[in-house]
Each structure stands twice: as structure tokens, then as C-alpha cells.
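Residue numbers for the sequence shown follow my numbering, beginning at 43 and rising by one.
Built from N, CA and C at the ideal position, the CB exists for glycine as well.
Because the structure is a prediction, the values reported are computed rather than measured.
Presented below is the structure to which this report refers.
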Amino acid sequence: MSYPILYSFKRCPYAMRARMALQLAEIKCEIREIRLSNKPEHMLEISPKGTVPILILEDKIIDESYDIVNWVIEKRNIFNNNLRSDQINLTESLIKKFDEAFKHHLDRYKYATRYENADSEFHRSECLKILIDLEAIASNGKWIFGENLNKLDISILPFIRQFRIANPGWFDSLEEISKIKKILNNYLNSEEFKKIMFKYDEWQLGSKPVYFPST
Ligand SMILES: N[C@@H](CCC(=O)N[C@@H](CS)C(=O)NCC(=O)O)C(=O)O
43 MSYPILYSFK RCPYAMRARM ALQLAEIKCE IREIRLSNKP EHMLEISPKG
93 TVPILILEDK IIDESYDIVN WVIEKRNIFN NNLRSDQINL TESLIKKFDE
143 AFKHHLDRYK YATRYENADS EFHRSECLKI LIDLEAIASN GKWIFGENLN
193 KLDISILPFI RQFRIANPGW FDSLEEISKI KKILNNYLNS EEFKKIMFKY
243 DEWQLGSKPV YFPST
């Protein structure tokens, strides 16, 4: 039996969301851990834009993390929750906001020197504004919409994790996003998160196949 192939990079927030969906669905894949500075030729052949994650299926290749998550959701009912229609709409608009505005400011906050004239503090406060808006709609429960994990949690928490990592002391002292901090902690301390952060050696042509989730 051949398994789907997943090109991945452990620390990539987009790859994390894809791995989380696959893990929750218990869809076993051959995982190929890459280094962004040393992308395998085969990966670039099948998806010349050169980003991870990429999921190779028998009949198609999916090279956008959002599409991988949706493909998993169509296949398996991993979030068996009855969300209201406003929560469904919020899910889509917030994922877009994190993929675009939040990521834009996050990169300029974390790596200001790589961008001409980037003011790290300005970009940090733009990210924080987005988190304060999220705080306003977040539940007091374990996850953003309550006690059940949803597509929104697995899609945006990897970016909030990165935001925290840039300056954990400052992030942890923020009182205005206390629900978000709690939800992030729940994510980071979950068994599922530990599983998706399993460390694989870098894949090279000819490497013996290794599988995700690791057993
Ligand atoms: N829109 C893509 C973005 C993926 C993306 O940008 N991944 C980063 C790693 S976090 C990447 O592969 N960058 C390529 C590079 O830095 O060369 C998706 O959602 O899958």
C-alpha cells in the first residue's frame, strides 16, 4: 500500500496546521522533512512555487495548507461540532486575516532587519491589535469557540505561537489577551501538538521512508 507523501518543515506554521489536520484524521503519510535552504529537486518539480506543506495524493497534488486542511475535513469528520453560521463565516475570514495581515506584520516584527525600513514595534502592535480583536470573540473555554477544537484553532494558533516566541516574557505579561494566552497554552500542552512536533531527520533522495504520525 502506498501512502500520501507530505513535504513538511517542522517549524513552519502552515505545515503545522496541515500536520494537525492529518494527525486528527489519522491519515498516515510518508513524511519528508525538508530544509527551506535545501529544497529537494522533486519537491520543486511537482510544485515550483517551493513552499511547504505539499501533500501528494494518488490523483492530485495539494500545495496550499488551507486546501490540505479542507481536503482532510472533506474526507473525515474531524471537527464534529455544530458551529453557528456566524462562527463558520468568522473561521474563514479569520484564517484569511492571519494568513495575510497577521503573517505580514509577524515577519516584519520578528525579522525587521530583513525588511527595508521595517519598524519592529509598529508591526508588533499591529499583530497585537488583531489578537485583541480575536480576544473579543474568543470563548472562556478551552478553544476559541468553546470546549471543542476547530479548524480555526488549528489554523491560526501556530502563528500566535510564533508571535509569542519572538518575545515570550512580553507576550506572557499581556493582560489584554488573557483568553488567547490560555488557549495557546492548551494548544502547546496538548498531546496532539507534541505529536505534530516530532523531530524527523532531513529527507534526502534515497532516504528510507519515515511516516507521520510517528508511532
Ligand atoms: N500559502 C502557503 C504558504 C506556505 C509557506 O509560505 N511556507 C513557508 C514556510 S513557513 C515556505 O515554504 N517558504 C518558502 C521559502 O521560505 O523558501 C500555504 O498555506 O501552504
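Quick one: Cα of residue 204 to Cα of residue 55, how far? Rounded to whole angstroms, residue 204 to residue 55 spans 8 Å at the Cα level.
Taking the C-alpha atoms as reference points, what is the distance between residue 116 and residue 159? Across the structure, residue 116 and residue 159 are spaced so that their CA atoms are roughly 43 Å apart.
If you scan the stretch 88 to 141 from start to end, which runs of the alpha helix (DSSP H) of 4 or more residues do you find wholly inside it? For the stretch 88 to 141, the full-length alpha helix (DSSP H) segments reaching 4 residues or more read 107 to 117 and 127 to 139 along the chain.
Can you find a heavy atom of ligand 1 that lies under 7 Å from the Cβ of residue 114? Residue 114 Cβ: outside cutoff for every heavy atom of ligand 1.
Using CA coordinates, which residue listed in 170, 48 and 60 is at the minimum distance from residue 107? Closest option to residue 107, Cα to Cα, is 60.
Can you find a heavy atom of ligand 1 that lies under 7 Å from the Cβ of residue 94? A distance criterion of 7 Å places the beta-carbon of residue 94 in contact range of ligand 1, judged by its closest non-hydrogen atom.
With a threshold of 7 Å, establish whether the CB of residue 107 neighbours any heavy atom of ligand 1. Answer for residue 107: yes, Cβ within range of ligand 1.
With H, G and I counted as helix, E and B as strand and the rest as coil, what does DSSP make of residue 7? Because the chain in this structure spans residues 43 to 257, residue 7 falls outside the shown range and cannot be described.
Cβ of residue 54 versus every heavy atom of ligand 1: is any distance shorter than 7 Å? The answer is yes for residue 54.
The beta strand (DSSP E) spanning residue 74 covers which residue range? Per DSSP, the unbroken beta strand (DSSP E) holding residue 74 starts and ends at 71 to 75.
Cβ-heavy atom distance, residue 235 to ligand 1, below 7 Å: No, the Cβ of residue 235 stays beyond 7 Å of every heavy atom of ligand 1.
Reduced DSSP secondary structure (H/G/I, E/B, other) of residue 183: It is coil, neither helix nor strand.
Please tell me whether residue 185 and residue 225 are closer than 8 Å, where the distance is taken between their beta carbons. With a cutoff of 8 Å on beta-carbon distance, residue 185 and residue 225 are scored as near each other.
Determine the DSSP secondary structure at residue 51, reduced to helix, strand or coil. Correct three-state label for residue 51: coil.
Bounding residues of the alpha helix (DSSP H) (the contiguous stretch that carries residue 151): For residue 151, the enclosing alpha helix (DSSP H) covers residues 145 to 152.
Cα-Cα separation, residue 187 to residue 252: Rounded to the nearest angstrom, the two C-alpha atoms are 35 Å apart.
Going by beta-carbon coordinates alone, are residue 173 and residue 137 separated by less than 8 Å? Contact check for residue 173 against residue 137 fails: the beta carbons are separated by 8 Å or more.
Looking at C-alpha atoms only, which residue of 199, 213, 177 and 135 is the closest neighbour of residue 166? When only C-alpha atoms are compared, the closest one is 213.
Who are the near neighbours of residue 73 in its chain, counting only those whose CB is closer than 7 Å to its CB and skipping five residues on each side? The residues are 48, 50, 242, 252, 253 and 254.
Residue 111 and residue 193 look like a contact to me (Cβ under 8 Å); what is the Cβ gap, rounded to whole Å? With 8 Å as the limit, residue 111 and residue 193 qualify as a contact, their Cβ atoms being about 6 Å apart.
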